[in-house]
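Everything in the sequence shown is counted per our numbering, starting at 32 for the first residue and increasing by one.
Note that the Cβ used here is the ideal one computed from N, Cα and C, for glycine as well.
Note that the structure is a prediction, hence the values are computed from the model and not measured.
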Amino acid sequence: MGTVNTSYRALVEAFGEPKPGDGYKIEAAWEVELIPGIFVKINNYKTSRSYDSKNPTIKRLREWNVHGTDSDAIEWVKGMLGQDTK
32 MGTVNTSYRA LVEAFGEPKP GDGYKIEAAW EVELIPGIFV KINNYKTSRS
82 YDSKNPTIKR LREWNVHGTD SDAIEWVKGM LGQDTK
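1) By the three-class DSSP mapping on this structure, what secondary structure does Glu62 have?
2) Kindly identify the DSSP beta-bridge partner or partners of Glu94.
3) Give the DSSP bridge partners of Ile73, in chain order.
4) Cutting at 6 Å between CB atoms, please list the residues of its own chain near Phe46, excluding the five before and the five after it.
5) Could you tell me which residues DSSP pairs with Pro51 in its beta bridges?
6) Which term fits Lys109, buried or exposed, when burial requires 16 or more other beta carbons within 10 angstroms of its beta carbon?
7) With distance defined between alpha-carbon atoms, name the residue in Val71, Gly33, Pro51, Val43 nearest to Ser79.
8) Spatial neighbours of Lys72 within its chain, please: C-beta separation below 6 Å, excluding the five flanking residues on both sides.
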């Protein structure tokens with residue numbers, strides 16, 4: 032669906048602690064029901080240190096993958112992070 036540029040800390044503040052990833056391609060993942068029936072997944076797919084040692088640590092990462100059950104899911108996430116949605 033897309034990406035959002037934000038900090039790990041901002042995601043934790045908005046959505047709580049992440050679930051652990053698979054230990055390889057994903058280190059942190061959030062699965063959130065924004066409103067009844069509308070879900071979003073946020074993770075660091077293929078940008079984890081365990082996937083490539085050249086990648087930043089999870090707490091320094093700025094680009095996060097966003098997937099959702101609604102085409103506006105990324106806009107919902109940006110709004111919850113206080114970012115411009117236009």
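In short:
1) On the sequence shown, position 31 is the one that residue 62 refers to. It is a strand residue.
2) Counting from 1 along the sequence shown, the entry for residue 94 is found at position 63. DSSP, once it has assigned bridges, lists Asn36 as partnering Glu94.
3) Here the question's residue 73 lines up with position 42 in the sequence shown. DSSP, once it has assigned bridges, lists Trp61, Val97 as partnering Ile73.
4) Looking up residue 46 in the sequence shown gives position 15. Trp61, Val63.
5) On the sequence shown, position 20 is the one that residue 51 refers to. Per DSSP, Ala59.
6) Taking the sequence shown and counting its residues from 1, the one referred to as residue 109 is at position 78. Counting of Cβ neighbours within 10 angstroms places Lys109 among the buried residues, the total reaching 16 or more.
7) As a working mapping, residue 79 is identified with position 48 in the sequence shown. The residue from Val71, Gly33, Pro51, Val43 with its alpha-carbon nearest to that of Ser79 is Pro51.
8) The residue given as residue 72 occupies position 41 in the sequence shown. Glu62, His98.
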